[in-house]
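Enquirer: Numbering of the sequence shown is given in this note's numbering, commencing with residue 142 and proceeding in unit increments. Glycine included, C-beta positions come from ideal geometry on N, C-alpha and C. Since this is a predicted model, take the numbers as computed values, not measurements.
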Amino acid sequence: LGLTPRRGVVLEGERLVVDGRTIPDVAAWAFAGAEVGGSGELVAADEGYYLARLDSVRKGGIPEFDAVRDEARQIVLREKKLDALMTRGQQIAAQATGSTLEAAAQAAGLTAQRSVPFNRIGFVDGLGQANQAIGAAFALPVGSISAPIRTPDGVFVLRVERRTNADRSEWEAQREVQRALMSQQYQQRRVQQYLTNLREAADLTDRRSEIRALLRNVETP
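1) Just to confirm my understanding: we take E341, look at its own chain, exclude 5 residues before and 5 after, and list those with CB closer than 7 Å. What are they?
2) Closest to V158 by C-alpha separation, out of R348, L322 and D294, would be which residue?
3) Cα separation between E188 and R162?
4) Expressed to the nearest angstrom, what Euclidean distance is found between the alpha-carbon atoms of R316 and R303?
5) Just how far apart, CA to CA, sit L242 and N272?
6) Thinking just about the alpha-carbon of each residue, which of I164, S180, G201 and F206 is nearest to the one in G186?
7) Residue range of the alpha helix (DSSP H) that R357 falls in?
8) Out of D196, D207 and A248, state which residue places its alpha-carbon closest to the alpha-carbon of R229.
9) Here's the rule I'm using: 16 or more other beta-carbon atoms within 10 Å means buried, otherwise exposed. How should D166 be labelled?
10) Tell me the DSSP secondary structure of V265 in three-state form.
11) Just to confirm before moving on: does the CB-CB distance between A171 and L195 stay below 8 Å?
12) What is the DSSP secondary structure of G189, counted as helix, strand or coil?
13) How many angstroms separate the CA atom of G181 from the CA atom of L192?
14) Within the 8 Å Cβ cut-off, does V151 reach chain B?
15) Which same chain residues, not among the five before or five after A277, have their C-beta less than 7 Å away from its C-beta?
16) Could you check whether the Cβ of P258 sits closer than 7 Å to any heavy atom belonging to the ligand FMN?
17) Is the beta carbon of G269 sitting closer than 8 Å to the one on T292?
18) Under the rule that 16 or more other beta-carbon atoms within 10 Å means buried, what is V184, buried or exposed?
19) Residue range of the alpha helix (DSSP H) that G113 falls in?
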């Protein structure tokens with residue numbers, strides 16, 4: 142299909158996040174008795190569809206250091222890179238306060254990027270989803286320059302150009318539709334968990350060949 146699989150790691154009770162996008166329902170499926178190597182149902186999200194395969198499951202607890210050595214090294218390297226970016230971000234923010242964000246970015250060899258309008262929960266290209274930068278965008282006064290904002294994936298200096306406040310009357314008008322959709326999603330998750338648990342606990346005996354033999358011996362009037 143011309144698609145590229147992505148890998149993600151999630152802890153029980155948390156949401157799966159891959160490439161900055163929060164993937165719904167997959168974590169609940171993975172920890173509800175799914176078999177290693179098995180694939181789940183097609184999951185619908187606002188930005189597309191997801192099909193997950195459970196590659197491995199590890200029990201919780203404190204792991205041996207040798208088992209997480211490479212992962213720990215990557216975390217330390219990433220944190221050091223973010224430390225360096227924070228210093229650079231402070232310089233850009235200071236310059237932008239005295240001129241413009243575009244001019245400060247150009248002086249640092251970067252290009253200021255303009256986002257499309259977004260809400261608190263959606264994925265934003267270049268910013269990610271449900272992180273510190275998204276939260277800061279809704280707290281920053283319009284027109285002002287932010288201090289450098291550190292996220293797990295990078296450091297951002299923001300300027301909010303405009304903000305459209307939520308209209309409560311519009312939300313009230315569609316509240317019942319939203320409630321029905323959320324109820325339907327919850328019901329689908331519960332049914333999926335029930336079927337998964339049922340398959341795990343089932344003890345079946347295949348007697349189809351016996352039934353077909355009996356049917357062949359039935360006399361037709």
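Expert: Reading off the structure:
1) G174
2) D294
3) Looking at the two C-alpha atoms, the distance is approximately 9 Å.
4) Roughly 26 Å between the two C-alpha positions.
5) 22 Å
6) Checking the sequence, you will find Ala at residue 186 rather than Gly. Looking at the Cα atoms, I164 is the closest of the given residues.
7) R349 to R357
8) A248
9) buried
10) strand
11) yes
12) strand
13) A straight-line Cα-Cα distance of about 6 Å links G181 and L192.
14) The displayed structure is made up of one protein chain only, and chain B is not part of it.
15) Answer for A277: S287, I290 and L299, listed in chain order.
16) This structure lacks the ligand FMN; in fact it carries no ligand of any kind.
17) A Cβ-Cβ contact shorter than 8 Å links G269 with T292.
18) buried
19) Within the shown structure, residues of the chain are numbered from 142 to 362, placing residue 113 beyond reach of any answer.
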